[in-house]
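Peer 1: Encoded as structure tokens, here's the structure I'll be asking about.
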Amino acid sequence: MAEESAATRSSAGTSRRTARAARRSSQSTAHVSGHGIRRQPRQERARWTVEAILQAAAEVIDERGWADASTNRIAERAGVSIGSLYQYFDNKEAILSSLFEEHHRQIHDVVERNLVALADPELPLADGLKTLFADLVDLHRADPVVARVLSTATP
Numbered sequence: 004m005a006e007e008s009a010a011t012r013s014s015a016g017t018s019r020r021t022a023r024a025a026r027r028s029s030q031s032t033a034h035v036s037g038h039g040i041r042r043q044p045r046q047e048r049a050r051w052t053v054e055a056i057l058q059a060a061a062e063v064i065d066e067r068g069w070a071d072a073s074t075n076r077i078a079e080r081a082g083v084s085i086g087s088l089y090q091y092f093d094n095k096e097a098i099l100s101s102l103f104e105e106h107h108r109q110i111h112d113v114v115e116r117n118l119v120a121l122a123d124p125e126l127p128l129a130d131g132l133k134t135l136f137a138d139l140v141d142l143h144r145a146d147p148v149v150a151r152v153l154s155t156a157t158p
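Going by the numbering used here, the first residue of the sequence shown is number 4, and it counts up by one from there.
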């Protein structure tokens, strides 16, 4: 009975993570690149795997702290094998680097979009700035775990 309940909880947790990864993927262009990633995911399933690993890493770091966030715990939380994690990332530092890179890319997209709007002389500056800041707040509210980890729980 306890095993069944643990399996059910694990399955439900994986489903929630998959849904969060799908939301993140649909909110962004699922662009994962840069120094943190070892191998670029080409297929949709591989991109989902990388997104699940990134989300799981944020959750594990948030819950356990940087020192106790092992790649084994991250892989387990993501619902992937440790081998799958190592296909894409060398270590937990590389995962964190990818989280930072993706977050910075999202911030850049928001700022760039709003700067285009601010260049319109018809738009009052105060309105443009309010929109910029509201969009930045929305970005951080969309995934508060990642925002918190990147601002507080890192080495």
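Even for Gly, the Cβ is constructed at its ideal location relative to N, Cα and C. Computed from a predicted structure; not experimentally measured.
Check whether the Cβ atoms of Ser101 and Leu153 sit closer than 8 Å, and answer yes or no.
Peer 2: Cβ atoms of Ser101 and Leu153: not closer than 8 Å.
Peer 1: Closer than 7 Å by C-beta to Ala24: which residues in its own chain qualify, once you throw out the five before and the five after it? Chain order, please.
Peer 2: Confidence at Ala24 is low in this model, with a pLDDT of 45, below 50, so the placement of that residue is unreliable and no value is reported for it.
Peer 1: Between Arg151 and Asp65, how many whole angstroms is the CB-CB distance? I'm expecting something under 8 Å.
Peer 2: So it is a contact: roughly 6 Å between Cβ atoms.
Peer 1: Quick check: the Cα distance between Arg108 and Leu139, rounded to an integer number of angstroms?
Peer 2: So the two alpha carbons sit approximately 12 Å from each other.
Peer 1: Quick one: what's got a C-beta closer than 8 Å to Pro44's C-beta in the same chain, skipping five residues either side?
Peer 2: Same-chain partners within the cutoff: Val35, Arg50, Thr52, Val53 and Tyr91.
Peer 1: Identify the continuous alpha helix (DSSP H) that holds Glu79 and give its terminal residues.
Peer 2: Glu79 -> alpha helix (DSSP H) spans Thr74 to Ala81.
Peer 1: Among Thr134, Lys133 and Ile98, whose alpha-carbon lies nearest the alpha-carbon of Ala61?
Peer 2: The shortest Cα separation from Ala61 among Thr134, Lys133 and Ile98 belongs to Ile98.
Peer 1: Looking only at its chain, what residues have a beta carbon closer than 6 Å to the beta carbon of Gly131, apart from the 5 residues adjacent to it on each side?
Peer 2: Closer than 6 Å at the Cβ level, and outside the excluded window around Gly131, lie Ala120 and Leu121.
Peer 1: Considering only DSSP beta bridges, list what Ile40 is partnered with.
Peer 2: Phe92.
Peer 1: Counting C-beta neighbours from all protein chains within 10 Å, is the total for Lys214 16 or more, i.e. buried, or is it exposed?
Peer 2: For the chain, the structure presents residues 4 to 158; residue 214 sits outside this window and is missing.
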